[in-house]
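Novice: The structure's right below; bear with me while I get my questions together.
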Amino acid sequence: MSAAPWIAAQRQALARQGGHALLLQGPSGLGQYALALELARTWLCEDPQDGGPCGQCAGCHAIDVRTHADLCVLMPETVMLELGWPLPEKAQQEIDDKKRKASREIRVDALRDAVEFAQRTSARGRGKVVLVYPAERMNAIAANTLLKTLEEPAGAVRFVLASEAAHQLLPTIRSRCLSHTLAWPSPEEAMAWLQAQDLPEAEAAVLLRAAGGRPEDALRWAQAGLTARRWSELPKALARGEVASLADWSPAQAVDALQKVCHDLLSVAAGGTPRFFGPADLPVLAAPAGLQALAAWWRELADALRTADHPFNTGLMLEALASRARAVLHFAPPVSPRRP
Ligand SMILES: [Zn+2]
């Protein structure tokens, strides 16, 4: 599949740059991984065309079937499985034998393999590439191992790190890399790309707005079963106290959705326009008491986000979130005036 136009444009500009280590950063859903892989394909292509990979040569083919000897991908095992990369034999065996679960971090073992890889000679003669994604999922030992290799690159090896949370990387790693912030696609580009992924136009428009203009996030939600209708009905369903409106979501996803409801209501209350929902999707609140309740809710949701990855009990957390949403959206109780 050819790259999305905004990814191809960035690849073209970056492929011309020098430097042996690149850090691609920016918010989720803009294509960090897609761009990193496009760069690897470009660098390793045996017959590059107009600053991009030809898609025909043996090198391009080897990447497409995940077997290029000069490409080393460093990812958490869960991400490798999700993106269709084969695990090293030993790791796959351990997981098959249920000795351990697939790792959610980039393992130190994998880093050691990458260091060895960096010292080897290129197999196909176009240099070598180490792709790290998401780069923030390295623990301190793994990050320090990578750092040493970044500082003393052995031979013709290039690094491309991609991260949606670059602030969590070691500053020494960041400073060794040439940094590139992902560009946003235009709404037209994002819509065209989503429709090319078989999303009908009306669905694509609502989900792209729900995802704040980030096309990959919109697609991921669609693939997880979110429909335009369910999204549009969410604020009023919450106001009616329908706990089921959040059911089957992860706590992080639920908090994200509630923050968007809260954001849009605050925006409307302040005389602005909603960003994630249509104006008719939002329940009408009693102002100005509603505004204060919303501001308090916003702070609570920010706190909730911190524990959303590791909730004590997912079901209870979702119920508590829904019941709090109902209290804010349905009653919007008047706040007693503060006395000086
Ligand atoms: Zn090629």
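Going by our numbering, the sequence shown opens with residue 156, and the numbers climb by one from there. All C-beta atoms, glycine included, are put in the ideal place defined by N, C-alpha and C. Note that the structure is a prediction, hence the values are computed from the model and not measured.
In whole angstroms, what is the alpha-carbon distance linking H216 and G210?
Specialist: For the purposes of this step, residue 216 is taken as the residue at position 61 of the sequence shown. For the purposes of this step, residue 210 is taken as the residue at position 55 of the sequence shown. Cα to Cα, H216 sits roughly 7 Å from G210.
Novice: Going by DSSP, which residues form a beta bridge with M293?
Specialist: Counted from its first residue, the sequence shown places residue 293 at position 138. Beta-bridge pairing links M293 to I261.
Novice: Does DSSP classify K253 as helix, strand or coil?
Specialist: For this step, residue 253 is matched to residue 98 along the sequence shown. DSSP places K253 in the coil class of the three-state scheme, outside both helix and strand.
Novice: With 16 as the cutoff for other CB atoms within 10 Å, does E371 come out buried or exposed?
Specialist: Position 216 of the sequence shown, counting from 1, holds the residue named residue 371. Result: buried.
Novice: Tell me the residue span of the alpha helix (DSSP H) that contains R479.
Specialist: Taking the sequence shown and counting its residues from 1, one reaches residue 479 at position 324. For R479, the uninterrupted alpha helix (DSSP H) segment begins and ends at T469 to R481.
Novice: Out of L324, G470 and G396, which has the shortest C-alpha to C-alpha gap to L178?
Specialist: Working through the sequence shown from its first residue, we reach residue 178 at position 23. It is L324 whose Cα lies nearest to the Cα of L178.
Novice: Which full runs of the alpha helix (DSSP H) of 4+ residues lie inside the segment 340-407, going along the chain?
Specialist: 342-351, 356-365, 370-378 and 383-394
Novice: For I296, is the classification buried or exposed, using 16 other Cβ atoms within 10 angstroms of its Cβ as the cut-off for buried?
Specialist: Here the question's residue 296 lines up with position 141 in the sequence shown. Looking at its Cβ environment, which holds fewer than 16 other Cβ atoms inside 10 Å, I296 is exposed.
Novice: For A309, which residues of its own chain have a beta-carbon under 6 Å away from its beta-carbon, when the five flanking residues on both sides are left out?
Specialist: If you number the sequence shown from 1, residue 309 lands on position 154. So the list reads A273 and Q274, once near-sequence residues are dropped.
Novice: For the beta strand (DSSP E) that H216 lies in, which residues bound it at each end?
Specialist: Here residue 216 corresponds to residue number 61 of the sequence shown, with the count starting at 1. No beta strand (DSSP E) contains H216, which is instead part of the alpha helix (DSSP H) from A213 to D219.
Novice: If we count the other Cβ atoms within 10 Å of its Cβ and call it buried at 16 or more, is P287 buried or exposed?
Specialist: Counting from one through the sequence shown, the residue named residue 287 turns up at place 132. Note on residue identity: the sequence assigns Val, not Pro, to residue 287. The residue in question, V287, is buried, as its Cβ has 16 or more Cβ neighbours within 10 Å.
Novice: Under the criterion of a Cβ to heavy atom distance below 7 Å, does D202 qualify as lining ligand 1?
Specialist: Position 47 of the sequence shown, counting from 1, holds the residue named residue 202. Yes, the Cβ of D202 comes within 7 Å of a heavy atom of ligand 1.
Novice: Give me the Cα-Cα distance between V285 and A320, rounded to the nearest whole angstrom.
Specialist: Your numbering for residue 285 matches position 130 in the sequence shown. Your numbering for residue 320 matches position 165 in the sequence shown. So the alpha carbons of these two residues sit roughly 19 Å apart.
Novice: According to DSSP, is T276 part of a helix, a strand, or is it coil?
Specialist: Indexing the sequence shown from 1 puts residue 276 at position 121. Coil at T276, not helix or strand.
Novice: Considering only the alpha carbon of each residue, which of A176, V410, I162 and A402 lies closest to P208?
Specialist: In the sequence shown, counting from the first residue as 1, residue 208 sits at position 53. Of the candidates A176, V410, I162 and A402, the one whose C-alpha sits nearest the C-alpha of P208 is I162.
Novice: C215: beta carbon under 7 Å from a heavy atom of ligand 1?
Specialist: Locating residue 215 in the sequence shown gives position 60, where the first residue counts as 1. Yes - ligand 1 has a heavy atom lying nearer than 7 Å to the Cβ of C215.
Novice: Buried or exposed: where does S513 fall if 16 or more other Cβ atoms within 10 Å of its Cβ makes it buried?
Specialist: In the structure displayed, the chain extends from 156 to 495; residue 513 sits before or after that span and is not available.
Novice: Compute the beta-carbon to beta-carbon distance between C332 and A176, rounded to the nearest angstrom, for a pair I have assumed lies under 8 Å.
Specialist: Counted from its first residue, the sequence shown places residue 332 at position 177. Counted from its first residue, the sequence shown places residue 176 at position 21. About 4 Å separates the Cβ atoms of C332 and A176, confirming a contact at the 8 Å cut-off.
Novice: Between which two residues does the alpha helix (DSSP H) holding S330 run?
Specialist: If you number the sequence shown from 1, residue 330 lands on position 175. Element bounds for S330: P326 to R331.
Novice: Where does A317 fall in DSSP's three states?
Specialist: Reading the sequence shown from its first residue, position 162 is the one you call residue 317. A317 falls in the strand class under three-state DSSP.
Novice: Please state the DSSP three-state secondary structure of L169.
Specialist: Here residue 169 refers to the residue found at position 14 of the sequence shown. Correct three-state label for L169: helix.
Novice: Work out the CA separation of S478 and L440 for me, nearest whole Å.
Specialist: Here residue 440 refers to the residue found at position 285 of the sequence shown. Here residue 478 refers to the residue found at position 323 of the sequence shown. Cα to Cα, L440 sits roughly 17 Å from S478.
Novice: How many whole angstroms separate the CB atoms of L229 and L194, which I take to be in contact at a CB cut-off of 8 Å?
Specialist: Taking the first residue of the sequence shown as 1, we reach residue 229 at position 74. Taking the first residue of the sequence shown as 1, we reach residue 194 at position 39. Not a contact, Cβ separation roughly 15 Å.
Novice: Assign P231 to buried or exposed, taking buried as 16 or more other Cβ atoms, counted over all protein chains shown, within 10 Å of its Cβ.
Specialist: As a first step, residue 231 must be located in the sequence shown, where it is residue number 76. Buried is the call here.
Novice: Starting from A425 and walking both ways along the alpha helix (DSSP H), at which residues does that stretch end?
Specialist: Mapped onto the sequence shown, residue 425 falls at position 270. Counting along the chain, A425 falls outside any alpha helix (DSSP H), and DSSP gives it neither H nor E.
Novice: Once the 5 residues before and after Q414 are set aside, which same chain residues still bring their CB inside 6 Å of it?
Specialist: Position 259 of the sequence shown, counting from 1, holds the residue named residue 414. The residues are L456.
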